[in-house]
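Enquirer: For reference, the structure I am asking about is given below.
Numbering (my numbering), first residue to last: 25 to 178.
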């Protein structure tokens, strides 16, 4: 895992669970002095390992309880077309994440919507109306089972 040691990994795990931890609390949990914890966090930021601190939002509480994954095929693969497609998707208020993937499809879009009627309208009136979108496969998410902020560490 590069030049990360056990203390760095412990700090990253704790901050993924609660980015609001005070330095003193973080130090106590990982078993180092507060000054050590502070310097380690600063070092992780300087090295680009820790890139930000984020809030986890309950989308259902915002009126968007339905989550879906949209597997999208785009053609042609010209830079200008792909850039416009990505900008369009990221500009949609329903978009939670956008991933460029390998396989038969090109992109995986996670969306959160109020209901399936809204999802259908998003697909028909906005996504499928774009000329570069060749196909979309929709998967409704029944349950999100663990959602690490960036993935497992260590």
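No residue lacks a Cβ here, since even glycine has one placed at the ideal position from N, Cα and C. The model shown is predicted, which means the values in this text are computed figures rather than measured ones.
Would you call residue 108 buried or exposed, if buried means 16 or more other Cβ atoms sit within 10 Å of its Cβ?
Expert: Position 84 of the chain shown, counting from 1, holds the residue named residue 108. The residue is exposed, with fewer than 16 neighbouring Cβ atoms inside 10 Å.
Enquirer: Give the DSSP-derived three-state secondary structure of residue 35 in the structure shown.
Expert: Here residue 35 corresponds to residue number 11 of the chain shown, with the count starting at 1. Reduced to three states, the DSSP call for residue 35 is helix.
Enquirer: Beta-carbon separation of residue 65 and residue 156 under 8 Å?
Expert: Position 41 of the chain shown, counted from the first residue, corresponds to residue 65. Position 132 of the chain shown, counted from the first residue, corresponds to residue 156. No, the Cβ-Cβ distance between residue 65 and residue 156 is not below 8 Å.
Enquirer: Can you tell me the Cβ-Cβ gap for residue 123 and residue 132, rounded? I've got them flagged as a contact below 8 Å.
Expert: The residue labelled residue 123 in the question sits at position 99 within the chain shown. The residue labelled residue 132 in the question sits at position 108 within the chain shown. With a Cβ gap of about 4 Å, residue 123 and residue 132 count as contacting.
Enquirer: What did DSSP end up calling residue 135 once you bin it into helix, strand or coil?
Expert: Position 111 of the chain shown, counted from the start, is the residue given in the question as residue 135. It is a strand residue.
Enquirer: Using 8 Å as the cut-off, can you tell me whether the stretch 114-128 makes contact with the stretch 56-74, which would need three or more C-beta pairs spanning the two stretches below that distance?
Expert: Contact fails: fewer than three Cβ-Cβ distances are below 8 Å.
Enquirer: Taking a contact to mean a Cβ-Cβ separation below 8 Å, would you say residue 96 touches residue 130 in this structure?
Expert: Against the chain shown, residue 96 aligns to sequence position 72. Against the chain shown, residue 130 aligns to sequence position 106. Their beta carbons are under 8 Å apart, which means residue 96 touches residue 130 by this criterion.
Enquirer: Do residue 93 and residue 134 have their CB atoms nearer than 8 Å?
Expert: Start at 1 with the first residue of the chain shown, and residue 93 comes out as number 69. Start at 1 with the first residue of the chain shown, and residue 134 comes out as number 110. Yes, the pair counts as a contact, with Cβ atoms nearer than the cut-off.
Enquirer: I need the DSSP call for residue 119, collapsed to helix, strand or coil.
Expert: On the chain shown, residue 119 is found 95 positions in, with the first residue counted as 1. DSSP places residue 119 in strand when its eight states are reduced to three.
Enquirer: Please determine, among 102, 164, 80, the residue with the shortest C-alpha to C-alpha distance to residue 140.
Expert: The sequence position of residue 140 within the chain shown is 116, counting from 1. Answer by Cα proximity: 164.
Enquirer: Let me check one thing: in DSSP terms, what residues is residue 82 bridge-paired to?
Expert: Mapped onto the chain shown, residue 82 falls at position 58. Beta-bridge pairing links residue 82 to no other residue.
Enquirer: Just reading off the alpha helix (DSSP H) that residue 53 is part of, what are its end residues?
Expert: Indexing the chain shown from 1 puts residue 53 at position 29. Run containing residue 53: 47-54, per the alpha helix (DSSP H) assignment.
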